[in-house]
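K.L.:
Here the sequence shown stands for residues 1 to 421, where the numbers follow UniProt numbering. One structure, as structure tokens, below. Some questions next.
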Amino acid sequence: MKKVDLDFPLQAVPQGNRSGFWKMLVVMLGLTFFSASMWSGGTLGTGLTFIQFIGIVLAGNLILGAYTGALAYIAAKTGLSTHLLARYAFGEKGSYLSSFLLAATQVGWFGVGVAMFALPVQKVTGMDTTLLIAVAGILMTATAFFGMKALAILSFIAVPLITVLGSFSVFKATETAGGLEGLLQYQPTEAIGLAAALTITVGSFISAGTLTPDFARFAHTKKSAVITTVVAFFIGNSLMFVFGAIGAIATGQSDISEVMFLQKLIIPAIIVLGLNIWTTNDNALYASGLGFSNITKIAKSKVVIFNGIVGTIAAMWLYNNFVGWLTILGTALPSIGAIILADYFIVNRGKYKRFEEMEFKAVNWIALLAWGVGIAGANFVPGIPPINALLGSVLTFVIVSKIAVLVQARKASMTDMKKVA
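So, in structure tokens, the structure goes:
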């Protein structure tokens, strides 16, 4: 009897293997509870007034919530991951390119995350950095290997702990900053423009948000998938920004674990730092496994082990040399999600043929063209880069797809006329 891969990397998730609301909520919150969001929050917190900060964070995460919520809806309805959904829009071979870019970027961020844990812990405890990297990498790879069940268990533990310990630290930091009144009176020494601030907010997590279907496909209902995703990106990610902003205003440190170190809360700091990075890193490694599995057809669990080893060994090199490159790569990822959304909701009017019954094109060149336009819009058009990427990709994909249909219909009509003649 053939063993069933319960992570379903190359097929739709059956209804019998779907998860309930609370399990999905903690998994999605575990994805968005990430130290990088705190850093972004610290940048905004010290560059805006507190009222401006709250407005920008809510607006930016509302955009993120809408984008990821729409992807979650498609995932729950079809049961498909980002990589399998990409086959409809990009073609089977075309999806390999998007899968490679998504997966490689996530392996890179996994390595960076491992180093982000090891370096501050070594600084405080004096433990060997290499040993910390090795232990963290092994533990994070192990839970990603066991798939969604392990991700859910880890998130059930991590999310409440991060929320409680982080909130306690922020409460203490607020007192240091002069309470709520002190926060409201805060004036930045070097102000950030509102457009730049919105770019930071949306750009902080839109790349990872493109991988939402990898997790939301396990939701029992479309409603559950959308609500849990929107809550995670709108409320969960906003909470990380608030943690980072208050910490930066009070102490000059945007990562809540660094704030805790200054507050002499050493053990809680290590717990929060470790769990914060662990939950997001596990999601990154899990998603990278699905991406490379789509290309190679090798079991996701085997790919996860390989990716974890690569990310762990290269952790310090990635941290020191690759963060800027990963950020550049990130500008290419939102367009993938935008094209999937446009293909499903506009071109196909919310209906996809069952995955098992599909005969996919090898490559849909229209999707690749739209992807290129989105990347160009993000990098060269004035405005908010992630929004430029989304709009540029959607408009190009829809318009060129409609033109292609009209041209094809005209050719068919002329062929019929010749037959009649």
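Virtual Cβ for every residue (Gly too), placed ideally from N, Cα, C. Small disclaimer: the values here were computed from a predicted structure and weren't measured.
Should G179 be labelled buried (16 or more other beta-carbon atoms within 10 Å of its own) or exposed?
P.N.:
To locate residue 179, count along the sequence shown from 1; it is residue 179. Classification for G179: exposed.
K.L.:
Check whether the Cβ of I375 lies closer than 8 Å to any Cβ atom in chain D.
P.N.:
In the displayed structure, chain D is absent; only one protein chain is listed.
K.L.:
Please name the residue or residues paired with S19 in a DSSP beta bridge.
P.N.:
Translated into the one-based positions of the sequence shown, residue 19 becomes position 19. A219.
K.L.:
Mark M1 as exposed unless 16 or more other C-beta atoms lie within 10 angstroms of its C-beta, in which case mark it buried.
P.N.:
Numbered from 1 along the sequence shown, position 1 holds the residue referred to as residue 1. Note on M1: pLDDT 45, under 50, position unreliable in the model; the coordinate value appears next. When all chains shown are included, M1 counts as exposed.
K.L.:
Can you give me the C-alpha to C-alpha distance between V231 and L25, rounded to a whole angstrom?
P.N.:
Position 231 of the sequence shown holds residue 231. Position 25 of the sequence shown holds residue 25. Approximately 8 Å, taken between the alpha carbons.
K.L.:
Using a Cβ-Cβ cutoff of less than 6 Å, which residues in the same chain neighbour P268 once the five nearest sequence positions on both sides are dropped?
P.N.:
Sequence index remark: in the sequence shown, residue 268 carries index 268 (1-based). Within the same chain, P268 has close Cβ partners L165 and M260.
K.L.:
Residues in the same chain with beta-carbon distance under 8 Å from Q122, minus the five sequence neighbours each way, listed in chain order, please.
P.N.:
Sequence index remark: in the sequence shown, residue 122 carries index 122 (1-based). Around Q122: D128, T129 and L132.
K.L.:
Taking 8 Å as the threshold (C-beta atoms), are S99 and G379 in contact?
P.N.:
Within the sequence shown, residue 379 is the residue found at index 379, counting from 1. Within the sequence shown, residue 99 is the residue found at index 99, counting from 1. In the sequence as presented, Gly is not what sits at residue 379; that position holds Asn. For N379 and S99, no; Cβs fall outside 8 Å.
K.L.:
Specify the secondary structure class of F234 as computed by DSSP and reduced to three states.
P.N.:
Indexing the sequence shown from 1 puts residue 234 at position 234. Helix.
K.L.:
Measuring CB to CB, does N237 end up less than 8 Å from N388?
P.N.:
The residue given as residue 237 occupies position 237 in the sequence shown. The residue given as residue 388 occupies position 388 in the sequence shown. Contact flag unset, no.
K.L.:
Exposed or buried, S413, counting other C-beta atoms within 10 Å across all chains shown (16 or more means buried)?
P.N.:
Taking the sequence shown and counting its residues from 1, the one referred to as residue 413 is at position 413. That one is exposed.
K.L.:
Taking the CB atoms as reference points, tell me whether residue 434 and T82 lie closer together than 8 Å.
P.N.:
Shown here, the chain extends from 1 to 421; a query on residue 434 therefore has no answer.
K.L.:
Kindly provide the ranges of any alpha helix (DSSP H) runs that are 4 or more residues long and lie completely inside the stretch 133–160, ordered along the chain.
P.N.:
For the stretch 133–160, not a single whole alpha helix (DSSP H) run of length 4 or above is found.
K.L.:
Between W317, A177, P334 and F205, which has its C-alpha nearest I246's C-alpha?
P.N.:
Locating residue 246 in the sequence shown gives position 246, where the first residue counts as 1. Considering only alpha carbons, the answer is A177.
K.L.:
Looking only at its chain, what residues have a beta carbon closer than 6 Å to the beta carbon of S19, apart from the 5 residues adjacent to it on each side?
P.N.:
For the purposes of this step, residue 19 is identified with residue 19 of the sequence shown, where counting begins at 1. Closer than 6 Å at the Cβ level, and outside the excluded window around S19, lie F218.
K.L.:
Taking the alpha carbon of K137 as the reference point, which residue from T279, G41, S155 and S335 has its own alpha carbon closest?
P.N.:
By one-based count along the sequence shown, residue 137 stands at place 137. In the sequence as presented, Lys is not what sits at residue 137; that position holds Gly. G137 has its Cα closest to that of T279, out of T279, G41, S155 and S335.
K.L.:
State the start and end residues of the unbroken alpha helix (DSSP H) segment that holds P14.
P.N.:
Residue 14 sits at position 14 when you count from the first residue of the sequence shown. Neither: P14 is in no alpha helix (DSSP H) and is coded neither H nor E.
K.L.:
Where does the unbroken alpha helix (DSSP H) through F117 begin, and where does it stop?
P.N.:
On the sequence shown, position 117 is the one that residue 117 refers to. That run of the alpha helix (DSSP H) goes E92 to T125.
K.L.:
Count the other CB atoms within 10 Å of the CB of E359; is the residue buried (16 or more) or exposed (fewer)?
P.N.:
Walking along the sequence shown from the start, residue 359 turns up at place 359. Looking at its Cβ environment, which holds fewer than 16 other Cβ atoms inside 10 Å, E359 is exposed.
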